[in-house]
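Comments concern the structure below.
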Amino acid sequence: MSRAFNFSAGPATLPQSVLEQAQAEMLDWHGVGASIVELSHRGPEFIQVATQAEADLRALMAIPDDYAVLFLGGGATTVQALLPLNFAAPGQAADYVLTGHWGKTAIKQAKPYVDAKVIASSEAGGFRDIPARASWQPTADAAYVHITANETIHGVEFRDIPDTGNVPLVADFSSSIASEPLDVSKFGVIYAGAQKNLGPVGITVVIIRRDLLERAGQPRADILDYRSHVKGESMLNTPPSWNWYLLGLTVKWMLDEGGVEEFARRNARKAALLYDVIDSSGGYYRNEVATAVRSRMNVPFFLHDEALDKPFLKEADAARLISLKGHRALGGMRASIYNAMSEAGVQALADFMRDFQTRHG
Ligand SMILES: *Cc1c(COP(=O)(O)O)cnc(C)c1O
Numbered sequence: 117m118s119r120a121f122n123f124s125a126g127p128a129t130l131p132q133s134v135l136e137q138a139q140a141e142m143l144d145w146h147g148v149g150a151s152i153v154e155l156s157h158r159g160p161e162f163i164q165v166a167t168q169a170e171a172d173l174r175a176l177m178a179i180p181d182d183y184a185v186l187f188l189g190g191g192a193t194t195v196q197a198l199l200p201l202n203f204a205a206p207g208q209a210a211d212y213v214l215t216g217h218w219g220k221t222a223i224k225q226a227k228p229y230v231d232a233k234v235i236a237s238s239e240a241g242g243f244r245d246i247p248a249r250a251s252w253q254p255t256a257d258a259a260y261v262h263i264t265a266n267e268t269i270h271g272v273e274f275r276d277i278p279d280t281g282n283v284p285l286v287a288d289f290s291s292s293i294a295s296e297p298l299d300v301s302k303f304g305v306i307y308a309g310a311q312k313n314l315g316p317v318g319i320t321v322v323i324i325r326r327d328l329l330e331r332a333g334q335p336r337a338d339i340l341d342y343r344s345h346v347k348g349e350s351m352l353n354t355p356p357s358w359n360w361y362l363l364g365l366t367v368k369w370m371l372d373e374g375g376v377e378e379f380a381r382r383n384a385r386k387a388a389l390l391y392d393v394i395d396s397s398g399g400y401y402r403n404e405v406a407t408a409v410r411s412r413m414n415v416p417f418f419l420h421d422e423a424l425d426k427p428f429l430k431e432a433d434a435a436r437l438i439s440l441k442g443h444r445a446l447g448g449m450r451a452s453i454y455n456a457m458s459e460a461g462v463q464a465l466a467d468f469m470r471d472f473q474t475r476h477g
């Protein structure tokens, strides 16, 4: 067996120890005689898994008690549609700061339910920067301000939490959750599909400041109502139990490795390695994002000649460095280097990039 270094943007690489534990427990979870995914979500075994995962995530991210934590299906995209239904009154506006592709989907999903205002955008510049807070033009009485903490495709990341005063800040953390310490109390809602930094695809974490659950929102079915999900402890219907279990193992692994402080250090070193190769390549490799907001999680880069893209990917594959092709919206390459990507993996990619330049320079 040989596992490659996998730079996929999502679903993304998982810690080998997590996969091994899941494999070991696959047929018989803790002596029960069945897999955890074959047992009732209301039975004591799965309740234990679910409760532990929440406790561990709360510990990992230092989530205060006045925040509810939900584990739901539907992905981050479904959250984007549910935000206005749950937190905006009929006719009320909601503010969006647009810094890349996922900000666009957030607006698209919200539009049927809310007057979605783009109060700042870096689109004209090709999503290579984040508009300064002072330039935002907030709407009076907006329901919330939405940002994408890390734009997974464009490789642009907020490095400071913007102050939105009394208007709750809602943030899509799908590709950067638990990658460094975060003051959760600065946010109204934090949400993330798990398949980048928290574990497997098929489960989404939604962290909601409890006072927001008192908002009436708009007419909606019970299954679209976050108050009901909180009351039902994320088990209004059958939850994605296998994904919840794998998420729990991944969160436990992060705690065992030293928590978000340790991952912040590793992630800073990993990102610095790649940006250094790019910046010191004399234009052979290129990243176009403003230095101050370059993502620590997704490093998009271009070779100076597109004709080199194919050989680059082919030789990288042969060196067991996989999934480096950039998103079709941008082209070029992208290295996603989430918590589960080791420093050894990033070092191997950096070495490969220098070597490729020497051989094809
Ligand atoms: C991947 C991603 C999404 C979409 O998540 P789904 O779980 O596929 O709905 C949304 N936002 C960001 C920032 C992402 O990286």
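Offset between the sequence shown (1-based) and this note's numbering: plus 116. C-beta: ideal position from N, C-alpha, C; glycine also.
Starting from residue i, trace the alpha helix (DSSP H) both ways and give me its first and last residue.
i           : result
lysine 426  : 425 to 434
alanine 308 : Per DSSP, alanine 308 belongs to no alpha helix (DSSP H); it is in the beta strand (DSSP E), 305 to 309.
With residue i as the anchor, note down where its beta strand (DSSP E) starts and where it stops.
i                 : result
phenylalanine 468 : Per DSSP, phenylalanine 468 belongs to no beta strand (DSSP E); it is in the alpha helix (DSSP H), 459 to 476.
isoleucine 394    : Where isoleucine 394 is concerned, there is no enclosing beta strand (DSSP E), although the alpha helix (DSSP H) it sits in stretches over 375 to 395.
histidine 345     : Element bounds for histidine 345: not the beta strand (DSSP E) but the alpha helix (DSSP H), 342 to 347.
leucine 135       : No beta strand (DSSP E) holds leucine 135; the alpha helix (DSSP H) holding it covers 132 to 140.
histidine 262     : 261 to 264
proline 416       : 414 to 419
isoleucine 453    : Run containing isoleucine 453: none; DSSP gives neither H nor E here.
alanine 120       : First-last for alanine 120: undefined, no H or E at that position.
aspartate 276     : Note, aspartate 276: premise wrong, no beta strand (DSSP E); not H, not E.
isoleucine 323    : 320 to 325
alanine 287       : 285 to 288
Cutting at 7 Å between CB atoms, please list the residues of its own chain near residue i, excluding the five before and the five after it.
i                 : result
arginine 385      : Glu459
threonine 221     : Thr193 and Gln196
valine 462        : Lys386, Leu389, Leu390 and Ile453
phenylalanine 468 : Ala432, Ala435 and Leu437
lysine 302        : Ile277 and Leu285
leucine 176       : Ala294, Val367, Met370, Leu371, Gly375 and Val376
glutamate 404     : Arg244
leucine 201       : Tyr229, Gly333, Gln334, Arg336 and Leu340
glycine 59        : In the structure as shown, the chain begins at 117 and stops at 477. Residue 59 is therefore absent and cannot be evaluated.
arginine 382      : Glu459
glutamate 239     : Leu214
glycine 216       : Phe243, Thr264, Glu267, Ile269, His270 and Val272
Could you pull out every residue in the same chain whose Cβ sits closer than 8 Å to the Cβ of residue i, ignoring the five residues on either side in sequence?
i           : result
alanine 209 : Val230, Asp231, Ala232, Lys233, Thr255, Asp257, Ala258 and Ala259
leucine 352 : Asp338, Ile339, Ser344 and His345
valine 153  : Ser357, Trp358 and Tyr361
valine 508  : Only positions 117 to 477 of the chain appear in this structure, which leaves residue 508 out of reach.
leucine 446 : Ile269, His270 and Pro416
valine 300  : Met177, Ala178, Ile179, Pro180, Tyr183, Ile306 and Ile323
alanine 380 : Ser295, Glu296 and Pro297
Keeping to the same chain, check which residues put their C-beta closer than 6 Å to that of residue i; ignore five residues upstream and five downstream.
i                 : result
isoleucine 306    : Ala287, Phe289 and Ile323
serine 237        : Leu214
phenylalanine 418 : Arg402 and Gly448
asparagine 266    : Glu273, Ser291, Ser292, Ser411 and Met413
arginine 249      : Pro278
phenylalanine 123 : Ser439, Leu440, Ala451 and Ser452
isoleucine 90     : Outside the displayed range of the chain (117 to 477) lies residue 90, so it cannot be described from this structure.
glycine 126       : Gln311 and Lys312
Original post:
Are the stretch 284 to 299 and the stretch 247 to 266 touching, with three or more C-beta to C-beta distances below 8 Å?
Top reply: In this structure the stretch 284 to 299 lies against the stretch 247 to 266, because at least three pairs of beta carbons, one per stretch, are closer than 8 Å.
Original post:
Three or more C-beta pairs closer than 8 Å, one from the stretch 357 to 371 and one from the stretch 420 to 428: is that the case here?
Top reply: No, the stretch 357 to 371 is not in contact with the stretch 420 to 428.
Subject >> Start-end ranges of the alpha helix (DSSP H) lying completely within the stretch 168 to 245, minimum 4 residues >> reply: Runs of the alpha helix (DSSP H) inside the stretch 168 to 245: 191 to 203 and 217 to 226.
Original post:
Do three or more CB pairs link the stretch 428 to 438 to the stretch 364 to 377 at distances below 8 Å?
Top reply: No, because fewer than three Cβ pairs between the stretch 428 to 438 and the stretch 364 to 377 fall closer than 8 Å, the two stretches do not touch.
**OP:** Count the C-beta pairs between the stretch 178 to 185 and the stretch 316 to 333 that are closer than 8 Å, then say yes if the count reaches three, no if not.
**Re:** Proximity of the stretch 178 to 185 to the stretch 316 to 333 meets the contact definition, three or more beta-carbon pairs being nearer than 8 Å.
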